[in-house]
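One structure is given here, and the rest of the page talks about it.
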Amino acid sequence: MEVILLGIIVILLGTSVYFAYRYFTLKHHSHINNEIIKGMKELSAGNIISKVDERSYNHSVFNQLIEFLSRVREGVLLFAKNAHEKGENLSEHGELASEKADIVRAAIDEVGRGLQKQLIATEESSISMEDITKAIEELSVRSNQISEQSNTTLELTQEGNEKLKNSLKKLERFNQTINTTFNGINKLGGQSQEIGTIVKVITGISEQINLLALNAAIEAARAGEHGKGFAVVADEVRKLAEQSRQSSAEVSNIVKNIQEETDIVVKSMKQGTEEFADTNTNIVEVGTMFEKILSTTQFIAENNSNSSASTEELSSSSQQIMSAIKEIASISRESVEMFEELVEISDEELHTMQKLVQEANDLVALRSDVEKLFSSLNQDAENKVTVAV
């Protein structure tokens with residue numbers, strides 16, 4: 217545009233020189249011939265190529281002016297033509313670029329909305345992840361507590377199992393003692409029966425001795441004086457037999473009582489042995505159950521330990537994920553800010569492109585303006601020359 221304005225200024229300057237030259241020529245050289253006037257008319261009509269014969273210095277200067285103005289006119293017209301073509305191309309490219317800029321702007325807006333949604337989703341995910349992290353941390357604490365309780369339960373179960381095993385061993389020894397006592401009582405009952413049998417034999421012997429003593433006393437009484445000594449012996453034997461019978465009866469009663477008590481004890485021992493056997497069976501079953509409980513407790517303790525470790529790893533992983541989400545949110549926020557800046561720059565570029573298109577359109581219209589200017593200058597010059605003549 218500055219070059220075009222410079223060309224117009226040069227044209228105006230040349231025209232001014234032309235009119236100044238004409239003025240001084242008409243004023244100081246009123247004898248100018250018709251040929252120069254004809255050349256001026258041609259010049260004012262736009263025919264800058266027309267020249268006059270160089271018969272004087274004024275003619276030569278006039279021809280040089282004609283050549284200069286002709287070159288200026290051709291240069292300006294050529295420049296206006298090129299400017300017109302370039303302006304049309306620039307206008308077309310500018311409009312195309314403006315359309316593409318609109319498309320890019322729409323795409324940027326769409327991406328910006330997507331980033332905004334992503335930022336909102338990331339922030340919501342961050343909040344949700346914080347809740348999940350807190351829940352995992354609470355789960356980790358509870359898992360550790362459960363693991364500690366499981367270990368305590370395992371220790372108590374192991375201790376109870378050991379005590380139960382010791383009790384089973386003691387019960388086994390007690391069972392052996394009961395069996396030994398039961399066998400001894402059974403033997404005692406058998407011996408009591410043998411004693412009763414012996415007592416019966418002794419009682420029978422005592423009765424026979426008593427009967428013999430009675431017979432001896434009868435025979436001694438028959439013998440008279442000679443049988444007195446024998447009668448005394450028979451009486452003593454009878455007394456001893458009676459004492460033996462009484463002692464045998466007492467022993468028999470004692471043995472009978474012993475046998476009765478032995479029978480009661482044997483029955484009680486038998487019932488106690490049966491109950492002990494049932495108790496022992498139950499205790500063995502309890503021991504088996506304790507073994508299962510111990511195995512289950514060990515399994516639970518191991519799983520709780522693994523769960524506690526897994527929960528701690530999960531807590532660590534969730535914290536890492538939380539950090540990554542926060543970093544993504546920060547990057548998304550920065551991306552949104554960058555896209556907002558990019559939108560502003562795009563708007564500025566679009567505005568600049570629109571101004572460039574407008575200037576290109578102005579440049580296209582410049583050729584018509586230059587042609588109109590030359591036509592107007594030629595018309596004014598022709599009118600002034602006609603008036604001067």
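Terminal number for the sequence shown in our numbering: 605, no gaps in between. Note that CB positions come from ideal geometry on N, CA and C, so glycine has one too.
| Asked | Found |
| --- | --- |
| Just checking, does the stretch 409 to 416 make contact with the stretch 464 to 471 on the three C-beta pairs under 8 Å criterion? | yes |
| Decide yes or no for the touch test of the stretch 383 to 394 against the stretch 484 to 495: beta carbon pairs closer than 8 Å, at least 3 of them. | yes |
| Roughly how many angstroms lie between the CA atoms of leucine 427 and arginine 438, to the nearest whole one? | 17 Å |
| Would you tell me roughly how many angstroms separate the C-alpha atoms of alanine 623 and glycine 400, rounded to the nearest one? | Look at the range of the chain in this structure, 217 to 605, and you will see that residue 623 is not part of it. |
| Given a threshold of 16 other Cβ atoms within 10 Å of its Cβ, counted over all protein chains shown, does threonine 512 qualify as buried or as exposed? | exposed |
| Can at least three beta-carbon pairs, one atom from the stretch 417 to 426 and one from the stretch 438 to 449, be found at a separation below 8 Å? | no |
| Tell me the rounded alpha-carbon separation between leucine 456 and lysine 472. | 23 Å |
| Just the Cα atoms here: how many angstroms apart are isoleucine 158 and threonine 338? | Residue 158 lies beyond the residue range present for the chain, which begins at 217 and ends at 605; the question has no answer from this structure. |
| Classify serine 532: buried if its beta carbon has 16 or more other beta carbons within 10 angstroms, exposed otherwise. | exposed |
| On a Cα-Cα basis, can you pick out the residue from Gln536, Lys381 and Glu364 that is closest to asparagine 519? | Glu364 |
| Measuring straight from C-alpha to C-alpha, what distance separates aspartate 269 and histidine 567? | With a pLDDT of 49 at aspartate 269, under the threshold of 50, the modelled position of this residue cannot be trusted; read the value that follows with caution. Their Cα atoms are separated by approximately 58 Å. |
| Rounded to whole angstroms, what is the Cα-Cα separation between glutamate 556 and glutamate 564? | 12 Å |
| Alpha carbon to alpha carbon, what distance is there between leucine 404 and glutamate 477? | 11 Å |
| In terms of alpha-carbon separation, which member of Ser366, Gln332, Glu354 and Lys381 lies closest to threonine 504? | Lys381 |
| May I have the straight-line CA-CA distance separating asparagine 377 from glutamate 501, to the nearest angstrom? | 12 Å |
| How long is the line joining the alpha carbons of glutamate 452 and glutamine 462, rounded to whole angstroms? | 15 Å |
| Is there at least one non-hydrogen atom of the ligand NAD closer than 7 Å to the beta-carbon of valine 453? | Ligands displayed in this structure: none; no statement on the ligand NAD is therefore possible. |
| Could you check if alanine 493 is buried or exposed, using at least 16 other CB atoms within 10 Å of its CB as the buried criterion? | exposed |
| Distance check for asparagine 498 and arginine 358, CA to CA, integer angstroms please. | 37 Å |
| So which of Thr349, Ile418, Leu370 and Ser383 has the shortest CA-CA distance to glutamine 536? | Thr349 |
| Skipping 5 residues on each side, what residues in its chain have a beta carbon closer than 6 Å to that of phenylalanine 506? | Asn377 and Leu380 |
| By the 10 Å Cβ neighbour count, where 16 or more other Cβ atoms means buried, how is arginine 450 classified, buried or exposed? | In the sequence under discussion, the amino acid at residue 450 is alanine, which differs from the arginine named in the question. Buried, by the Cβ-count rule. |
| Have a look at glutamate 491 and arginine 389 and give me their C-alpha separation to the nearest angstrom. | 16 Å |
| Buried or exposed for serine 539, going by 16 or more other Cβ atoms inside 10 Å? | exposed |
| Buried or exposed: alanine 436, going by 16 or more other Cβ atoms within 10 Å of its Cβ? | buried |
| If you compare alpha carbons, which of Val448, Ser460 and Phe515 is closest to lysine 416? | Ser460 |
| Within 10 Å of its beta-carbon, does isoleucine 336 have 16 or more other beta-carbons around it, so buried, or fewer, so exposed? | exposed |
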